[in-house]
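**Q** Our numbering numbers the first residue of the sequence shown as 796 and each following residue consecutively. For glycine and all other residues, C-beta sits at the position ideal for the given N, C-alpha and C. Computed from a prediction, not measured in an experiment: that's the story for all the values here. There's a structure below that I have some questions on.
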Amino acid sequence: MILNFTKKFIIDSTADFLRDNQKITVYPDICEGPGVEHYFFLASLGLQLENKKIIEFGTHYGRSAYILEYGNRKKNNNNNIITYDIKNLLIDGIFENTGIDYRIEDLFDPINRENNKEHILSSDILFIDIDPHEGVMEYDMYVWLKQNDYKGIIIFDDIHLGPGHMGVTTGNSMTQFWDKVDDNYKIDLTHVGHWSGTGLVCFHLENHEIIL
């Protein structure tokens, strides 16, 4: 894959993003630019990808999945988007008239994950944004993907959140998780993503061209 993550390209490529997505611009954070919120980053990613399989872990309200599908709506990019959560928190009607495949299932459960092994490993992009943002499940998934020689690109949200965020009392944190990721596999994209941290991980960066 060739992906351009320069701030100029993200801004230029998403010039019509707010106009085209008035369904969700009622939420003020959607309108915040790259480096503050990650929605322009995700929109640009969806516009750049064509005929790719994108899996999201952590649907929440559905806004990120909806934005990742922007490339399909804007350019008929034919990306297959599957999003997972463990409970339904969707904004009413947000996935109407989209091709998003919404599933309630915990793929961080080892048995479920093994049952979906081929499905997960065949994805081109994994976007991971899950509660409680303490880095434990994220690291477990990172290790599993590395052990299984995942060929795609993983995007982790909130990589710079420290201990105590959102009431986490275990002492674990996303910063600890990010520090444990091998430097050879990771790129910090916070400057064009989410203020709380956006990180790219790939075990085969030599197979991709990431423009920064």
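Per DSSP, L921 is paired with what?
**A** Locating residue 921 in the sequence shown gives position 126, counting from the first residue. DSSP output for L921 lists I850, I949 as bridge partner(s).
**Q** Could you check how far apart the C-beta atoms of H955 and M969 are, in whole angstroms? I think they sit under 8 Å.
**A** Looking up residue 955 in the sequence shown gives position 160. Looking up residue 969 in the sequence shown gives position 174. So it is a contact: roughly 7 Å between Cβ atoms.
**Q** Does G930 come out as helix, strand or coil in the three-state DSSP assignment?
**A** As a first step, residue 930 is located in the sequence shown; it is residue number 135 there, counting from the start. Note: G930 maps to coil in three-state DSSP.
**Q** In three-state terms, what does DSSP make of K882?
**A** The residue given as residue 882 occupies position 87 in the sequence shown. K882 falls in the coil class under three-state DSSP.
**Q** Looking only at its own chain, which residues have a Cβ that is under 6 Å from the Cβ of G992, when we skip the five neighbours before and after it?
**A** The count along the sequence shown starts at 1 and reaches residue 992 at position 197. Excluding positions up to five away in sequence, the list reads D953, I954, H955, T985.
**Q** Under 8 Å, do I1006 and L798 count as touching if we go by C-beta distance?
**A** What you label residue 1006 is simply residue 211 of the sequence shown in a count that begins at 1. What you label residue 798 is simply residue 3 of the sequence shown in a count that begins at 1. Going by C-beta atoms, I1006 is nearer than 8 Å to L798.
**Q** Do the CB positions of H1003 and I948 come within less than 8 Å of each other?
**A** Taking the first residue of the sequence shown as position 1, residue 1003 is located at position 208. Taking the first residue of the sequence shown as position 1, residue 948 is located at position 153. Closer than 8 Å, so yes.
**Q** V963 by DSSP, collapsed to three states: which one?
**A** Numbered from its first residue, the sequence shown carries residue 963 at position 168. Three-state DSSP puts V963 in coil, outside helix and strand.
**Q** Shortest alpha-carbon distance to E864 belongs to which of F922, D974, K981?
**A** Against the sequence shown, residue 864 aligns to sequence position 69. With distances taken between Cα atoms, E864 lies closest to F922.
**Q** Any idea what DSSP makes of P958, helix, strand or coil?
**A** Stepping through the sequence shown from its first residue, residue 958 is reached at position 163. In the structure shown, P958 sits in coil (DSSP, three-state: anything other than H, G, I, E or B).
**Q** Considering only C-alpha positions, which residue in the set Y822, Y937, K946 is nearest to G994?
**A** One-based indexing of the sequence shown puts residue 994 at position 199. The shortest C-alpha separation from G994 is found at Y937.
**Q** Tell me whether the beta-carbon of F852 lies closer than 8 Å to the beta-carbon of I925.
**A** Counted from its first residue, the sequence shown places residue 852 at position 57. Counted from its first residue, the sequence shown places residue 925 at position 130. In contact: F852 and I925 (Cβ atoms closer than 8 Å).
**Q** Let's see if you can read the secondary structure: which residues bound the beta strand (DSSP E) around T893?
**A** Translated into the one-based positions of the sequence shown, residue 893 becomes position 98. Run containing T893: none; DSSP gives neither H nor E here.
**Q** In the structure shown, what three-state DSSP assignment does G841 receive?
**A** Stepping through the sequence shown from its first residue, residue 841 is reached at position 46. In the structure shown, G841 sits in a helix (DSSP, three-state: H, G or I).
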